[in-house]
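Just so we're aligned, residue 66 is where the sequence shown starts under the numbering used here, counting upward by one. Backbone N, C-alpha and C fix where the C-beta goes; we use that ideal spot for every residue, glycine too.
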Amino acid sequence: MIHIITTGGTIEGMNYENPENKTKESKIAIGEFLDSANVSIPYIIEKAFAKDSRSITDEDRNFLLKKIEASNAEKILITHGTFTMEDTATYLGKEELKKTIVLVGSFIMGISKNTDAVFNLGYAICSLQFLEPGVYVAMNGRIFHWGNVTKNLESNKFEPKNE
C-alpha cells in the first residue's frame, strides 16, 4: 500500500498570491487524478496541511515526519510545492528512515489543462514501487536522491547538484 500525504502546493491547484495566506483550499484532490488514471494499486490519502511551500516551517516538517513514522506503509508519497521541496527532502533524508519516500509536485497549476501534475504524480507512484528505501524527489521524468537535488529557477526544473 502507498500512503499519500498532501501538503498543498501547485499540484493541488492552490493559487497563492500571498504566501502568508495559509488557509487556501485545494481546488483539486489528488484522488481525482488517481481515479481518472484508473490507478489500481492500494493507497490511502491523508492531508497533513495545505500551504504554499514557501510557508512550510521546520515545525511543519517535523509534523510530516511524525506522520511518516506513525504510518504502517513502507511506501510514502508526499505532494509538495516546488519552492521548498528540496528543503523538505533534505530534512526527511537526514532522518534515515527505513521507508521509501518520494516527494512530487508540479510547476503548472494542477487545475490547468496543460498541467504537469498528472504526469509527475503517475511517475512518482511508479518510481515509488521500485526504489530502495530512502528519500527522493520525482519531477518531470527524473528521480533525484535527497542529497543531490536542486531547483534551477532559470530553467524551472529540478536537476542534480552534482552533474
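Inspect the beta-carbon positions of F114 and T147 and report whether they are closer than 8 Å.
no
Go through its chain and collect everything with a Cβ distance to K112's Cβ below 6 Å, but skip five positions before and after it.
A distance below 6 Å between beta-carbons, with the five flanking residues on each side excluded, links K112 to the following residues of its chain, in chain order: T71.
Identity of the residue in F98, N221, S220, S192 nearest I208 by Cα
S192
G96 by DSSP, collapsed to three states: which one?
helix
Can you name the start and end residues of the beta strand (DSSP E) that A203 belongs to?
Counting along the chain, the unbroken beta strand (DSSP E) around A203 starts and ends at 199-204.
When the distance is taken between beta carbons, is I69 closer than 8 Å to I109?
It is a contact, given that the beta carbons lie within the stated cut-off.
Is there contact here, the segment 130-137 with the segment 153-166, by at least three beta-carbon pairs under 8 Å?
Contact annotation: the segment 130-137 touches the segment 153-166, with at least three C-beta pairs closer than 8 Å.
Please determine if the segment 176-196 and the segment 154-162 are in contact, where contact requires at least 3 C-beta pairs separated by less than 8 Å.
no
In three-state DSSP terms, what is L162?
Of the three classes helix, strand and coil, the one that applies to L162 here is coil, per DSSP.
Quick one: residues in its chain with C-beta nearer than 6 Å to the C-beta of A203, no 5 flanking neighbours on either side, listed in chain order?
The answer, listed in chain order, is V167, V169, Y188, A189, S192.
CA-CA distance, I176 and A182?
9 Å
DSSP on F223, reduced to helix/strand/coil?
strand
Grouping DSSP H, G and I as helix and E and B as strand, with all else coil, what is K178?
coil
In the DSSP assignment, the alpha helix (DSSP H) including N213 goes from what residue to what residue?
Where N213 is concerned, there is no enclosing alpha helix (DSSP H), given that its DSSP letter is neither H nor E.
Can you list, in chain order, the residues of its chain with a C-beta nearer than 6 Å to that of P107? Leave out the 5 residues immediately preceding and following it.
Spatial neighbours of P107 in its own chain (CB-CB distance under 6 Å, excluding positions within 5 residues in sequence) are listed in chain order as M66.
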